[in-house]
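Asker: Residue numbers (the working numbering): 462 to 884. Ideal Cβ placement from N, Cα and C applies to all residues, glycine included. None of the values given here were measured: they were computed from a predicted structure. Before I ask anything, here is the structure I am working with.
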Ligand code: FAD
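Printed below as a string of structure tokens:
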């Protein structure tokens, strides 16, 4: 009987989904290598994803449960300690010329979602991985190709930012390396290179859609009071200024600021770019109480002009795997518009569901590495079959919630339904 050796699992992408997948894989005793295009995400010098300062995300049960099941002592507590409960939406508007607020609870039983800083959550998981002897990080490594018959991957290894040769003005050095593996987990985001390479092997159906809305980040600074810094508005709500075909939202941060997002049709962004004098009147008219009360005029102008206006993509594809060699998770498999607050949560859930399938198929297989690969292929087959319809449903719900957050939250029918539910 052939001996079973530890297998080499390579995880491409050290975002929240890749980091959690690496934790699950490492807990099962295999050798795990994590390859990440950018530098160590915990270094202040590493350029954040999407070139924004930070994104605050809504963390919900899906994501929490998946971190709990990682069985890393202290991880979930450390993450939850850095979250802020959001018990409902706060809908901002105007009533008889006065700024108004309407709190809408998320749940009649008092359940809530949490605001979390994506970098903070990501960093907690990278810290956990660093403690594990069977995990190795390869930052500044970009996947450029993969052969899923021979299980070989190619990475462009780049010199780290701030290294000696960069400082003396010479060009940063890069080289290609070849890496053999037993199993690749692709968690390299919406523009996934793993998915691109997987398409050459699997008969993948693929659909992508850019919605006609772009997003731009803003910041509400903490309010200075005699008692110290405070949140300028309720910290326990997700704040929404609905505008019909656009909206402005604010999510609380631990440092008492709010990370805000303006979602606006691309044409409207173009119009505001061409008519900069209209920016403040546009904010005043549509987002009552924001200008001056929460963000000074000059800051709105500065942030609008210096923060990027970024697209939103929705991706559906299937299958998520090929043989026993590779699987894609998270945004790589099902990037979705952010209006249901479930993109990362669903990606974290992918990890839990994937390892349920892998455990069920491979736990009793001790005979040989080839038998393990066979069992893994069967597990990946059942994983795609279960997960794809679920991911498509969440994707569709996210698009539907966009309409609700923009408009329906202020419609009389919605308000009536909400009141009946809460009474
Ligand atoms: P990513 O976070 O994209 O990470 C992928 C990683 O792979 C990156 O570190 C990248 O550098 C690396 N990489 C890319 N290419 C390569 C390569 N070739 N080689 C090696 N490494 C590579 N989700 C929620 O659950 N709740 C929310 O409230 C929420 N709000 C959002 C608001 C906005 C405005 C946006 C845009 C998204 C929001 N999301 C939310 C979605 C969430 O951000 C994503 O679903 C989540 O970040 C996906 O994680 P991931 O690890 O799959 O991919």
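(1) Let me confirm a value: residue 536 is counted as buried when at least 16 other C-beta atoms fall within 10 Å, else exposed. Which label applies?
(2) Does the Cβ of residue 701 have 16 or more other Cβ atoms within 10 Å, making it buried, or fewer, making it exposed?
(3) Name, in chain order, the residues that DSSP records as bridge partners for residue 691.
(4) For residue 462, does the three-state DSSP call read helix, strand or coil?
(5) Are the region 537-546 and the region 569-577 touching by the rule of at least three beta carbon pairs closer than 8 Å?
(6) Can you find the residues in the same chain that come closer than 6 Å, C-beta to C-beta, to residue 640, ignoring five residues on each side of it along the sequence?
(7) Checking the sheet assignment: what are the DSSP bridge partners for residue 562?
(8) Which whole-angstrom value is the C-beta distance of residue 798 and residue 860, which I expect to be below 8 Å?
(9) Once the 5 residues before and after residue 584 are set aside, which same chain residues still bring their CB inside 8 Å of it?
(10) Which residue comes first and which comes last in the beta strand (DSSP E) that contains residue 592?
(11) Assuming contact is defined by CB atoms lying nearer than 8 Å, are residue 554 and residue 749 in contact in what I supplied?
(12) Short of 6 Å in beta carbon distance, which residues of its chain neighbour residue 638, apart from the five on each side in sequence? Order them along the chain.
(13) For a test of your reading of the model: does the CB of residue 648 fall under 7 Å from any non-hydrogen atom of the ligand FAD? Yes or no.
(14) Of the residues 858, 474 and 848, which one's Cα is nearest the Cα of residue 650?
(15) Going by C-alpha distance, which of 712, 678, 657 and 808 is nearest residue 791?
(16) The ligand FAD heavy atoms versus the CB of residue 661: any closer than 7 Å?
(17) Here's a check: name, in chain order, each residue in its chain whose Cβ is nearer than 7 Å to the Cβ of residue 484, leaving out the five neighbours to either side.
(18) Out of curiosity, what's the CA-to-CA distance linking residue 462 and residue 831?
(19) If contacts are defined as beta-carbon pairs under 8 Å, then residue 682 and residue 714 qualify, I think. What distance do you get, rounded to the angstrom?
(20) Pick helix, strand or coil for residue 492, following the three-state DSSP scheme.
(21) Count the other CB atoms, across all protein chains shown, that sit within 10 Å of the CB of residue 728; report buried if there are 16 or more and exposed otherwise.
(22) Taking 8 Å as the threshold (C-beta atoms), are residue 663 and residue 849 in contact?
(23) Going along the chain, which residues of its own chain have a beta-carbon closer than 8 Å to the beta-carbon of residue 740, five neighbours each way excluded?
(24) Are the CB atoms of residue 785 and residue 745 within a distance shorter than 8 Å?
(25) Name the residue from 560, 548 and 471 whose alpha carbon lies nearest to the alpha carbon of residue 747.
(26) Starting from residue 762, trace the alpha helix (DSSP H) in both directions and tell me its first and last residue.
(27) Can you say whether residue 803 is buried or exposed, counting buried as having 16 or more other CB atoms within 10 angstroms of its CB?
(28) Given 7 Å as the limit, tell me if residue 597 has its C-beta closer than that to any heavy atom belonging to the ligand FAD.
(29) Taking just the CA atoms, how far does residue 517 sit from residue 722?
(30) Please classify residue 655 as buried or exposed, where buried requires at least 16 neighbouring CB atoms within 10 angstroms.
(31) Return yes when at least one heavy atom of the ligand FAD lies under 7 Å from the C-beta of residue 526, else no.
(32) Might you give, ordered along the chain, the residues of its own chain that have their beta carbon closer than 6 Å to the beta carbon of residue 730, omitting 5 neighbours on each side?
Answerer: According to the structure data:
(1) Taking the first residue of the chain shown as 1, we reach residue 536 at position 75. Buried is the call here.
(2) For the purposes of this step, residue 701 is taken as the residue at position 240 of the chain shown. Its Cβ being crowded by 16 or more others within 10 Å, residue 701 is buried.
(3) Here residue 691 refers to the residue found at position 230 of the chain shown. Under DSSP, residue 691 shares a beta bridge with 684.
(4) On the chain shown, residue 462 is found 1 positions in, with the first residue counted as 1. Confidence at residue 462 is low in this model, with a pLDDT of 47, below 50, so its placement is unreliable and the value that follows should be read with caution. Here residue 462 sits in coil by DSSP.
(5) In short, these stretches touch, since the Cβ pair count reaches three.
(6) For the purposes of this step, residue 640 is identified with residue 179 of the chain shown, where counting begins at 1. Here residue 640 has 614 as same chain residues with Cβ atoms under 6 Å from its own Cβ, once five neighbours each way along the sequence are excluded.
(7) Counting from one through the chain shown, the residue named residue 562 turns up at place 101. Paired residues: 553.
(8) What you label residue 798 is simply residue 337 of the chain shown in a count that begins at 1. What you label residue 860 is simply residue 399 of the chain shown in a count that begins at 1. Between residue 798 and residue 860 the beta-carbon gap is near 6 Å, inside 8 Å, which marks them as a contact.
(9) Residue mapping note: residue 584 aligns to position 123 of the chain shown, counting from 1. Exclusion of the five residues before and after residue 584 leaves 502 and 503 as the residues of its chain whose Cβ lies within less than 8 Å of its Cβ.
(10) The residue labelled residue 592 in the question sits at position 131 within the chain shown. According to the DSSP assignment, residue 592 belongs to no beta strand (DSSP E), since it is labelled neither H nor E.
(11) As a position in the chain shown, residue 554 is number 93, starting the count at 1. As a position in the chain shown, residue 749 is number 288, starting the count at 1. Their beta carbons are under 8 Å apart, which means residue 554 touches residue 749 by this criterion.
(12) Locating residue 638 in the chain shown gives position 177, where the first residue counts as 1. Same-chain partners within the cutoff: 616 and 618.
(13) The sequence position of residue 648 within the chain shown is 187, counting from 1. Because some heavy atom of the ligand FAD lies under 7 Å away, the Cβ of residue 648 counts as near it: yes.
(14) Here residue 650 refers to the residue found at position 189 when the chain shown is read from its first residue. That would be 474, whose Cα lies nearest to the Cα of residue 650.
(15) Looking up residue 791 in the chain shown gives position 330. Closest in C-alpha terms to residue 791, from the list 712, 678, 657 and 808, comes 808.
(16) For the purposes of this step, residue 661 is identified with residue 200 of the chain shown, where counting begins at 1. No, the Cβ of residue 661 stays beyond 7 Å of every heavy atom of the ligand FAD.
(17) Here the question's residue 484 lines up with position 23 in the chain shown. Result list for residue 484: 531, 533, 586, 589 and 590, in chain order.
(18) Indexing the chain shown from 1 puts residue 462 at position 1. Indexing the chain shown from 1 puts residue 831 at position 370. Confidence in residue 462 is poor, its pLDDT being 47 and thus under 50, which makes the residue's placement unreliable; the coordinate value appears in the next sentence. Between residue 462 and residue 831, the C-alpha separation is close to 11 Å.
(19) For the purposes of this step, residue 682 is taken as residue 221 along the chain shown, with counting starting at 1. For the purposes of this step, residue 714 is taken as residue 253 along the chain shown, with counting starting at 1. Not really, about 10 Å apart at Cβ, beyond 8 Å.
(20) What you label residue 492 is simply residue 31 of the chain shown in a count that begins at 1. Looking at residue 492 - three-state DSSP - the assignment turns out to be strand.
(21) Taking the first residue of the chain shown as 1, we reach residue 728 at position 267. By the Cβ neighbour-count rule, residue 728 is exposed, with fewer than 16 other Cβ atoms within 10 Å of its own.
(22) If you number the chain shown from 1, residue 849 lands on position 388. If you number the chain shown from 1, residue 663 lands on position 202. Inclusion of residue 849 and residue 663 in the CB contact set at 8 Å is not warranted, their separation being larger than that value.
(23) Here residue 740 refers to the residue found at position 279 when the chain shown is read from its first residue. These residues qualify, in order along the chain: 733, 761, 762 and 765.
(24) As a first step, residue 745 is located in the chain shown; it is residue number 284 there, counting from the start. As a first step, residue 785 is located in the chain shown; it is residue number 324 there, counting from the start. No, the Cβ-Cβ distance between residue 745 and residue 785 is not below 8 Å.
(25) Stepping through the chain shown from its first residue, residue 747 is reached at position 286. Closest by alpha carbon: 560.
(26) Walking along the chain shown from the start, residue 762 turns up at place 301. Counting along the chain, the unbroken alpha helix (DSSP H) around residue 762 starts and ends at 758-767.
(27) Locating residue 803 in the chain shown gives position 342, counting from the first residue. It counts as buried.
(28) Stepping through the chain shown from its first residue, residue 597 is reached at position 136. For the ligand FAD, not one heavy atom lies less than 7 Å from the Cβ of residue 597.
(29) Along the chain shown, one-based indexing puts residue 722 at 261. Along the chain shown, one-based indexing puts residue 517 at 56. The alpha-carbon atoms of residue 722 and residue 517 are separated by roughly 10 Å.
(30) Here residue 655 refers to the residue found at position 194 when the chain shown is read from its first residue. Around the beta carbon of residue 655, 16 or more other beta carbons lie within 10 angstroms, which makes this residue buried.
(31) What you label residue 526 is simply residue 65 of the chain shown in a count that begins at 1. Answer for residue 526: no, Cβ out of range of the ligand FAD.
(32) The residue given as residue 730 occupies position 269 in the chain shown. Apart from sequence neighbours up to five positions away, the residues of its chain that approach residue 730 with a beta-carbon distance below 6 Å are 675 and 770, ordered along the chain.
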